[in-house]
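Position one of the sequence shown corresponds to residue 1 (full-length UniProt numbering), numbered consecutively onward.
Glycine residues also receive a C-beta, built at the ideal position from the N, C-alpha and C atoms.
In this text the structure is predicted, and so the values were computed from the model without any measurement.
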Amino acid sequence: MGVKLFAICVTTVLCVGYVAGEYCYNDVVGACSPVGGEVQNCNSRYGAFKGDELLTSVQTYANTHILRSFQFLLMSSHFGNFEKNRGGFEKLYKKLSDNTWEKAIDLVKFIGKRGGHMNFRARKDEKNEKQIDFEMYELGSMARALDMQKGLAEEAHFIHAEVTRRKEHDPEVASYLENNFVHEHSEIIRKLSGHTNDLKQLIANQPDPSLSLYLFDEYLQKSL
């Protein structure tokens with residue numbers, strides 16, 4: 001009898017020590033008690049996602065992708081009209097629009113997976129964004145697309161730095177960014193920079209670059 005009593009006492013002490021912290025178990029016990037309570041810790045938020053700083057950064061990044069998707073779509077529509085009739089440029093920007101849209105959806109899913117909720121009002125303060133005209137000429141549009149893609153890449157690097165340098169290191173977020181964004185951004189930027197420089201050389205010092213633009217547009221249609 002004495003041994004049983006001792007074992008019960010030890011078990012009770014261990015259990016009390018285990019539930020002393022902020023655990024989901026504590027929330028459930030509190031909610032099921034006669035007094036009732038909340039179960040705030042019963043979610044999938046852990047690591048760097050426990051706070052709101054990283055969550056807000058990822059929400060903002062998702063919203064940036066949505067914005068860029070519509071901007072690329074505007075550029076695609078501009079070159080697809082009957083006046084411009086640049087099928088290659090239209091195809092290129094439509095592809096970039098679809099890609100950024102899919103990435104935005106993937107980011108929203110990732111936020112939900114890590115226990116967060118999407119906030120579509122979390123955005124970067126881009127003061128000059130409303131002044132940009134997306135009905136540009138071929139070379140200008142290519143340079144603008146390159147800048148937009150570099151911006152997305154640098155924002156991914158910023159979030160990656162947040163999760164690797166902070167006290168609550170979150171390797172899963174870092175791995176997610178690397179596998180789904182960082183490497184792909186590098187490839188897209190390389191191609192866009194190549195297109196921009198090739199087009200500049202083709203039309204440089206030409207009084208009428210119409211033929212060069214036509215041939216480059218045909219190349220884009222066949223290569224994409």
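Exposure of S223 is indicated by the presence of fewer than 16 other C-beta atoms within 10 angstroms of its C-beta. Taking H185 as reference, the option from G88, Y137, E155 with the minimal CA-CA separation is E155. The alpha-carbon of H117 is positioned some 46 Å away from that of L213.
The beta-carbon separation of Y219 and G80, rounded to 17 Å, does not stay under the 8 Å limit for a contact.
Inside the UniProt domain "Ferritin-like diiron" (48-203), DSSP marks whole alpha helix (DSSP H) runs of 4 or more residues at positions 52-80, 87-113, 138-165, 171-177, 183-203, from first to last along the chain. In this model, L96 and S210 are separated by some 25 Å (Cα to Cα). Within a 10 Å sphere around the beta-carbon of A145 sit 16 or more other beta-carbons, which makes this residue buried. With respect to H78, E162 sits apart: the two C-beta atoms are not nearer than 8 Å. Shown here, S212 sits in a helix according to DSSP, grouped into three states. DSSP places Q221 within a helical segment (H, G or I) once states are collapsed to three. Counting the other Cβ atoms within 10 Å of the Cβ of L152 gives 16 or more, which makes it buried.
Comparing C-alpha distances from F49 to each of C42, G194, V173, P207 shows the shortest one belongs to V173.
A residue is called buried once 16 or more other Cβ atoms fall within 10 Å of its Cβ, and H195 is buried on that count. Of all C-beta pairs linking the stretch 137-144 to the stretch 166-183, fewer than three are shorter than 8 Å, placing the two stretches out of contact.
Distance from the CA of S193 to the CA of D170, rounded to the nearest whole angstrom, comes to 32 Å. Taking M75 as the centre and dropping the five residues before and after it, the same chain places the C-beta of Y93, F134, S141 closer than 6 Å to its C-beta, in chain order. Taking every protein chain shown into account, the CB of S175 has fewer than 16 other CB atoms within 10 angstroms, so this residue is exposed.
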